[in-house]
Every structure is written in structure tokens, then in C-alpha cells.
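Written below as C-alpha cells is the structure these notes are about.
2 protein chains.
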Amino acid sequence: MNTDSVLKLDNQLCFAVYACAREITKLYHPLLKELGLTYTQYVTMLALWEQDQVTVKQLGHRLYLDSGTLTPLLKKLEAMGLLTRSRDKQDERSVIIQLTEQGIRLKDKAIDIPERLFCQAGLSPEEAEAFRKQITDMLEKVQHIQGDNN
Amino acid sequence: MNTDSVLKLDNQLCFAVYACAREITKLYHPLLKELGLTYTQYVTMLALWEQDQVTVKQLGHRLYLDSGTLTPLLKKLEAMGLLTRSRDKQDERSVIIQLTEQGIRLKDKAIDIPERLFCQAGLSPEEAEAFRKQITDMLEKVQHIQGDNN
DNA sequence: GAGGAATTAATTGCATGCAATTTAATCGCC
DNA sequence: GGCGATTAAATTGCATGCAATTAATTCCTC
Numbered sequence: 001m002n003t004d005s006v007l008k009l010d011n012q013l014c015f016a017v018y019a020c021a022r023e024i025t026k027l028y029h030p031l032l033k034e035l036g037l038t039y040t041q042y043v044t045m046l047a048l049w050e051q052d053q054v055t056v057k058q059l060g061h062r063l064y065l066d067s068g069t070l071t072p073l074l075k076k077l078e079a080m081g082l083l084t085r086s087r088d089k090q091d092e093r094s095v096i097i098q099l100t101e102q103g104i105r106l107k108d109k110a111i112d113i114p115e116r117l118f119c120q121a122g123l124s125p126e127e128a129e130a131f132r133k134q135i136t137d138m139l140e141k142v143q144h145i146q147g148d149n150n
Numbered sequence: 001m002n003t004d005s006v007l008k009l010d011n012q013l014c015f016a017v018y019a020c021a022r023e024i025t026k027l028y029h030p031l032l033k034e035l036g037l038t039y040t041q042y043v044t045m046l047a048l049w050e051q052d053q054v055t056v057k058q059l060g061h062r063l064y065l066d067s068g069t070l071t072p073l074l075k076k077l078e079a080m081g082l083l084t085r086s087r088d089k090q091d092e093r094s095v096i097i098q099l100t101e102q103g104i105r106l107k108d109k110a111i112d113i114p115e116r117l118f119c120q121a122g123l124s125p126e127e128a129e130a131f132r133k134q135i136t137d138m139l140e141k142v143q144h145i146q147g148d149n150n
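Those protein sequences? They're chains X and G, same order as listed. If you use full-length UniProt numbering, the first sequence corresponds to residues 1 to 150, in order. If you use full-length UniProt numbering, the second sequence corresponds to residues 1 to 150, in order.
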């Protein structure tokens, strides 16, 4: 590749991923509006539906987000009545996140979102799965470079 | 896939892309710091190094960004002396973006960033290229769903 | 050629993200 | 037990992103 083409936008892996992430987020917007959640709030709820009673630290590790992003976001979800935040009795530095009944029930309303999105996107499940696996591999690769601070 | 696993974070293509984009951006941070650019500013300069004398509209289409994001960003790059913003004489609605000498020269300092990043990421050029192509395909697919508003 | 429709930037308001710092609590080591 | 190091959240400051609205200009149609 010559010196010019290395800097071409279309040759940048980074740009493709960056733009793709934003476009996908926009795709979710109308569906999530029905739930009253933003995209980041939705992803946070996904993590908590899998496992709650976790600390902010653990949740952040799962979502690749730090407390600077999570603290205000969790306070908002708490204000919406979807979860509670309470200090760990064993270690008062930690805050435990627990879903409320309402937060748990929201899962039922969210259950058909992936299906609806796939249809909308015109992706076969196999295509999507193969693609997801590749990005996940990349994600892990990239994350390990970051200095393993997590 | 059962009702539980469809909502698992690890099965979400969206989440993989979303997290990957942010991790990649972090990877760029130390390199871009040397140039004095943020990631979005860097991507904008990439587009302009390929072609300047473009309107905000055209640039936004290229970058998948709207004027709400671009206007303040371009004003900042203008304040840094990298480009100029001027109304199109033929159509006063449009604003033409043009690189300054300093903006053009910055390209020389940026030229080795892709190379350095690849090394850091431990990706072979072939791997990266195959991967980039897939994401680009996905990006186009997703973008066409959005209602072709661009 | 006048007036409503369409187009382009800019603005406003809100929700992230993240680096850096601060605060509070716990750990480790003597 | 006591104190410096470490850890977990919270806070602060800055830079995006985007939806919705506004302002200015041009287009289009009668």
C-alpha cells in the first residue's frame, strides 16, 4: 500500500468499526424508545438480566465502561425504578446493583428486540453469528493490548 | 436459540461492535495525542486529506456525522489553524471546508499512525483487510436500512 | 416574480464516554 | 494497632453524537 492509500478513510479498519457502531445504535433507537431506554441503558440492562447483584466495578468490566459513565447512568435507572444501588455491607467501597421487580419484568418487553432487529437488518442468523464471533475476537485482542487494566 | 440466550450480551452483535469501536478508539489515543488531535478530529482530517473543498454536508455524508457534531468540531479545527470555513459564493447555504498549509502539512506527521497501530494490535495486514471488508459491508447494509436519508 | 417547499448550517438540549482527580474504605506490612 | 499503598465510586471537565428546532438561502411552481 502506498503512502497515500494508507491514510484513506475507506482503508481504515477503525473508521469502519466506529461508523458501524453508530449506525447500529441508530437502528435500535425506535425499538428502544418503546421500552423507554437509551442504547447504553439497554446494554446495561442486558448485562443485569444475565446477572445482577454485581458491583459497579464488575458491571463496568462486563460493559467496558468505567464509573464515570456508569455512576450517572445507574442513578438514572435507579430513578426510573429499574434497579437499586446499595453499599456492600462486607466492603463499603463497593456498590451493589440489584434489579427491582419492575426491572426484571422489563425483560419480557425486551425479549423480541433482537429478533425484530435482525429482520430489519436483513441478516441471516448464521451470517450474524459468524460476524459477531469475529468482532468478539477482535475485541478481545484489542482489549489485551490496552495494558490489561481491567 | 432459547428465550434466555437471545438476550445474552455475548450473543449481541451490536454490543461487540459497540465495545470494539470504543476499545479501538482508546488504542489511538496515545498516538493522536502527539498530533494534538482527538479521534473524531483525526477521522475528519483523514477525510479532508483525501479531498477538501467540500461542504459540511458532503463531509458529514462521508463520516456519517451531522452538522450538530461537525459544526463545533470544524470550528475547533479552524481555531487550531488546520482549516478554513467559508460560505459558498454560488450557494450561500453551504459552507466550504478547505485545509490550510498547516492542515496539509499535518498529514506528514500522521502518515505512520496506521502502521504503528497495526503493529501494536498484532494484526496481519491480510487479517485486518478481510475484517475491514466485512465491517464495511455491514456498514453499508445497515446504512441502507436507515431510510437512505443521506 | 411571489410565496410556499426544500435544503444547508447552526443551535439547543440531552446522554454518553473517558481522563484525571477526589473521597472513602480496606489492605498490607511493620 | 497504625500508617502508607491500594482499591472502588463519585466527581469534574471536556469532547462527542444525535434529535429537534431555527435561520438563512435557494428551488419550484403557478
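Idealized CB from N, CA, C, for every residue including glycine.
{"Query": "Could one say the Cβ of E23(X) lies closer than 8 Å to chain G's Cβ atoms, at least one of them?", "Result": "yes"}
{"Query": "What would DSSP say about T136(X), mapped onto helix, strand or coil?", "Result": "helix"}
{"Query": "Cβ closer than 9 Å: which chain X residues qualify as neighbours of I96(G)?", "Result": "By Cβ distance, chain X contributes nothing, its closest Cβ being about 19 Å from I96(G), past 9 Å."}
{"Query": "So for L123(X), helix, strand or coil by DSSP?", "Result": "coil"}
{"Query": "Hey, E23(G) and Y64(X) are a contact pair by Cβ (cut 8 Å); roughly how many whole angstroms apart?", "Result": "6 Å"}
{"Query": "Given a limit of 9 Å on CB to CB distance, which residues of the stretch 87-116 of chain G reach chain X?", "Result": "K107, A110, I111, D112, I113, P114, E115"}
{"Query": "Is the CB-CB distance between V54(X) and L70(X) below 8 Å?", "Result": "no"}
{"Query": "Contact between the stretch 106-115 of chain X and the stretch 128-138 of chain X is defined here as three or more beta-carbon pairs at a separation below 8 Å; is this criterion met?", "Result": "no"}
{"Query": "Please confirm if Y14(X) has its CB atom under 8 Å from at least one CB of chain G.", "Result": "The amino acid at residue 14(X) is misidentified as Tyr; the sequence shows Cys. Taking Cβ atoms only, chain G reaches closer than 8 Å to C14(X), which makes this a yes."}
{"Query": "Out of curiosity, what's the CA-to-CA distance linking R116(G) and T100(X)?", "Result": "47 Å"}
{"Query": "How would you write the range of the beta strand (DSSP E) that M95(X) sits in, first residue to last?", "Result": "Sequence check: residue 95(X) is Val here, not Met. 95-99 is the extent of the beta strand (DSSP E) around V95(X)."}
{"Query": "Of the choices E127(G), E126(G), T44(G), A21(G), whose alpha-carbon is the least far from that of I97(G)?", "Result": "T44(G)"}
{"Query": "In chain order, what residues of the same chain have a beta carbon less than 6 Å from the beta carbon of L48(X), not counting five sequence neighbours either side?", "Result": "L99"}
{"Query": "Give a yes or no on whether the minimum CB-CB distance between I135(X) and chain G is below 8 Å.", "Result": "yes"}
{"Query": "DSSP beta-bridge partners for V54(X)?", "Result": "I97(X)"}
{"Query": "Consult DSSP for T40(G) and reduce its assignment to one of helix, strand or coil.", "Result": "helix"}
{"Query": "State the Cα-Cα distance for the pair M80(G) and L74(G), rounded to the nearest angstrom.", "Result": "10 Å"}
{"Query": "According to DSSP, which residues form a beta bridge with T84(G)?", "Result": "Q98(G)"}
{"Query": "Is the beta carbon of C14(X) sitting closer than 8 Å to the one on Y28(G)?", "Result": "yes"}
{"Query": "Residues of chain X with a CB under 9 Å from the CB of K8(G): which are they?", "Result": "L46, W49, E50"}
{"Query": "With H, G and I counted as helix, E and B as strand and the rest as coil, what does DSSP make of L65(X)?", "Result": "coil"}
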